[in-house]
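Visitor: Those protein sequences? They're chains Y and G, same order as listed.
By the count of our numbering, the first sequence reaches residue 179 at its end, each step adding exactly one.
By the count of our numbering, the second sequence reaches residue 358 at its end, each step adding exactly one.
Just passing along the structure, written as structure tokens.
Number of protein chains: 2
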Amino acid sequence: MTDLTRSLLDAAAALLAAHGSRGLRMVDVATRAGVSRQTVYNEFGNKETLVRAVALDKTDQFLAAVRDRLASAEDPLEGLHAAMVFVFTEAFRDPLTKSVFTGANAEDMLPLVTTRGHEILTASATVFASHLTTHWPDVPEDRRGLVAETAVRLAISHLLTPSGDAPAAVVAVTRALLA
Amino acid sequence: MTDLTRSLLDAAAALLAAHGSRGLRMVDVATRAGVSRQTVYNEFGNKETLVRAVALDKTDQFLAAVRDRLASAEDPLEGLHAAMVFVFTEAFRDPLTKSVFTGANAEDMLPLVTTRGHEILTASATVFASHLTTHWPDVPEDRRGLVAETAVRLAISHLLTPSGDAPAAVVAVTRALLA
DNA sequence: GTCTTTACAAAATCGAGCCTTGTGTAAAGC
DNA sequence: GCTTTACACAAGGCTCGATTTTGTAAAGAC
């Protein structure tokens with residue numbers, strides 16, 4: 001990825017978080033990145049593609065960070081905990097990430113969510129299943145997929161409709177998984 | 180509940196499912212129920228109250244039916260299965276019920292969903308927790324709440340973003356709970 | 001007494017026309 | 001490879017009546 005692409009994605013992400021996809025203007029993306037509007041078109045073709053690229057980028061960054069947290073500790077349980085803490089703090093901190101994963105603010109963020117719900121779900125579940133494979137041999141192979149999907153579904157559910165604060169959500173998901 | 184109230188709720192529910200809350204007209208509710216528009220106002224005061232009453236009614240009907248299924252068999256596992264089958268067939272059959280529980284079609288159904296997510300969650304979890312208490316003594320008391328909430332969250336998650344068809348969702352939720 | 005009919009004010013919605021803004025494309029220049 | 005300028009065109013607002021719908025009120029019918 002070129003520096004230009006990177007700065008355009010960052011600029012677009014910031015504006016997207018502030019004004020929604022409806023209120024996003026290509027001129028503003030260009031100005032914020034210090035380039036001309038035409039350059040944005042050379043790079044992404046059109047607005048829809050740009051918005052989708054931001055969503056893709058956010059997803060990748062977020063899942064990479066989750067993967068890091070999962071692998072951050074020797075003890076797999078500790079890794080799981082670190083990952084869950086990250087998921088909830090980050091999703092509450094960054095409204096754009098939250099929108100991508102939960103479909104919140106469907107009003108402003110429609111293009112981020114449309115039909116990608118299932119895609120996001122399986123991508124996230126794959127990350128988690130891979131962690132189970134390498135760090136959690138107790139989980140039998142034939143249950144790995146289900147456990148991973150359940151973890152992701154529960155996490156997303158707690159993002160969408162929280163029962164309590166972020167730490168409470170971490171506890172709830174973790175305990176549910178360890179049943 | 181009077182017969183009048185009942186038929187007004189049914190008429191409103193049908194029209195709501197067909198045209199959304201935005202396209203719902205009080206005259207049509209009246210006509211469909213065979214009464215005058217004024218009678219609708221005498222009964223519900225205004226449109227917003229009527230729509231909320233329909234949502235409340237749908238919730239009650241649905242949870243009562245779930246409760247029946249849970250208690251339908253001697254074997255608690257069989258009851259759980261029957262309830263899950265009902266949840267998924269019914270939610271896919273009746274778009275209005277699905278909207279109430281998942282917030283789908285937020286466009287047309289806004290008043291049904293607004294801020295009621297948590298309320299619906301706890302109401303449903305309570306129904307399930309009560310089933311655990313009476314039919315499933317294996318679950319220790321201090322885990323009952325968590326198990327119930329997890330069951331509901333997973334079910335709603337599968338309604339919102341299905342991995343497969345309805346039977347597959349039933350299997351996924353059931354197996355996740357029995358882990 | 002409960003529901004209907006009729007009447008009416010206030011608010012929301014709609015459609016047409018117009019103007020402004022933003023998108024997307026193209027070409028010439030640095 | 002990026003900028004500047006220019007332009008066609010579609011989308012979004014805005015205004016202004018006309019219409020529809022909401023919500024209230026009163027008088028009458030079963």
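Each residue gets a CB set at the ideal place from its N, CA and C atoms; glycine is no exception.
All of these numbers come straight from a predicted model, not from anything done at the bench.
If you reduce the DSSP assignment to three classes, tell me which class Ala-104(Y) lands in.
Guide: Here Ala-104(Y) sits in coil by DSSP.
Visitor: Are there 16 or more other CB atoms within 10 angstroms of the CB of Thr-268(G), so buried, or fewer, so exposed?
Guide: With fewer than 16 Cβ atoms within 10 Å of its Cβ, Thr-268(G) is classed as exposed.
Visitor: Taking Cβ positions only, does Glu-149(Y) come closer than 8 angstroms to chain G?
Guide: With 8 angstroms as the cut-off, Glu-149(Y) counts as an interface residue toward chain G.
Visitor: So which of Gly-213(G), Ser-336(G), Thr-329(G) and Phe-265(G) has the shortest CA-CA distance to Ala-243(G)?
Guide: Closest option to Ala-243(G), Cα to Cα, is Phe-265(G).
Visitor: For Thr-228(G), tell me which candidate among Arg-332(G), Thr-281(G), Thr-184(G) and Val-350(G) has the shortest Cα-Cα distance.
Guide: That would be Thr-184(G), whose Cα lies nearest to the Cα of Thr-228(G).
Visitor: Where does Ser-303(G) land, buried or exposed, given buried means 16+ other C-beta within 10 angstroms?
Guide: Classification for Ser-303(G): buried.
Visitor: Could you say which of Leu-96(Y), Lys-58(Y) and Leu-177(Y) lies nearest to Val-139(Y) if we only look at CA atoms?
Guide: Per the Cα distances, Leu-177(Y).
Visitor: Sorted by chain position, which residues of the same chain lie with C-beta nearer than 7 angstroms to Ala-172(Y)'s C-beta, five sequence neighbours on each side aside?
Guide: Closer than 7 angstroms at the Cβ level, and outside the excluded window around Ala-172(Y), lie His-158 and Ser-163.
Visitor: Straight-line CA distance for Ser-186(G) to Ser-200(G)?
Guide: Whole-angstrom Cα-Cα distance: 18 angstroms.
Visitor: Step through the CB atoms of chain Y and report whether any lies within less than 8 angstroms of the CB of Thr-181(G).
Guide: Taking Cβ atoms only, chain Y never reaches closer than 8 angstroms to Thr-181(G), which makes this a no.
Visitor: Can you grab the Cα-Cα spacing for the pair Leu-249(G) / Gly-213(G), in whole Å?
Guide: C-alpha separation (whole angstroms): 37 angstroms.
Visitor: Could you work out which residue in Thr-313(G), Arg-332(G) and Pro-346(G) is closest to Glu-298(G) when comparing CA atoms only?
Guide: Of the listed residues, the one whose Cα sits closest to Glu-298(G) is Arg-332(G).
Visitor: Is Asp-317(G) helix, strand or coil when you go by DSSP?
Guide: Three-state result, Asp-317(G): coil.
Visitor: If you measure from the beta carbon of Arg-248(G) to each beta carbon in chain Y, is any gap under 8 angstroms?
Guide: Cβ-Cβ to chain Y under 8 angstroms: no for Arg-248(G).
Visitor: Measuring alpha carbon to alpha carbon, tell me which of Leu-9(Y), Gly-145(Y) and Arg-67(Y) ends up nearest His-81(Y).
Guide: Of Leu-9(Y), Gly-145(Y) and Arg-67(Y), the residue nearest in Cα terms is Arg-67(Y).
Visitor: Quick one: what's got a C-beta closer than 6 angstroms to Glu-328(G)'s C-beta in the same chain, skipping five residues either side?
Guide: Result list for Glu-328(G): Ala-304, in chain order.
Visitor: Tell me whether Arg-175(Y) is buried or exposed, calling it buried when 16 or more other Cβ atoms sit within 10 Å of its Cβ.
Guide: Label assigned to Arg-175(Y): exposed.
Visitor: Provide the residue span of the alpha helix (DSSP H) that contains Asp-57(Y), from first to last.
Guide: Residues 47-70.
Visitor: CA-CA distance, Met-26(Y) and Asp-3(Y)?
Guide: Looking at the two C-alpha atoms, the distance is approximately 18 angstroms.
Visitor: Chain G beta carbons: is any one of them nearer than 8 angstroms to that of Ala-166(Y)?
Guide: So, not an interface residue.
Visitor: Pairs of beta-carbons, one from the stretch 92-101 of chain Y and one from the stretch 43-62 of chain Y, closer than 8 angstroms: are there three or more?
Guide: Yes, the stretch 92-101 of chain Y is in contact with the stretch 43-62 of chain Y.
Visitor: Look at Ala-234(G) and Val-208(G) and say whether their C-beta atoms are less than 8 angstroms apart.
Guide: Result no, Cβ atoms of Ala-234(G) and Val-208(G) do not sit closer than 8 angstroms.
Visitor: Closer than 7 angstroms between beta carbons: that is the criterion. Which residues of the stretch 117-134 of chain Y meet it against chain G?
Guide: Those residues of the stretch 117-134 of chain Y that come within reach of chain G (Cβ to Cβ, closer than 7 angstroms) are Gly-117, His-118 and Leu-121.
Visitor: Per DSSP, what kind of secondary structure is Val-35(Y) in: helix, strand or coil?
Guide: DSSP places Val-35(Y) in coil when its eight states are reduced to three.
Visitor: Answer yes or no: does any C-beta atom of chain G fall closer than 8 angstroms to that of Thr-161(Y)?
Guide: It does: the Cβ of Thr-161(Y) has a partner Cβ on chain G nearer than 8 angstroms.
Visitor: Expressed to the nearest angstrom, what Euclidean distance is found between the alpha-carbon atoms of Glu-141(Y) and Ala-155(Y)?
Guide: One C-alpha to the other measures close to 22 angstroms.
Visitor: Going by other Cβ atoms of all chains shown within 10 Å of its Cβ, with 16 needed for buried, is Val-179(Y) buried or exposed?
Guide: In the sequence as displayed, the identity of residue 179(Y) is Ala instead of Val. Answer is exposed; the Cβ neighbour count stays below 16.
Visitor: How is Gly-79(Y) classed by DSSP in three states: helix, strand or coil?
Guide: In the structure shown, Gly-79(Y) sits in a helix (DSSP, three-state: H, G or I).
Visitor: I want to verify the contact list: residues of chain Y whose CB lies under 8 angstroms from the CB of Leu-333(G), in sequence order.
Guide: Correct list: Thr-150, Arg-153, Leu-154 and Ser-157.
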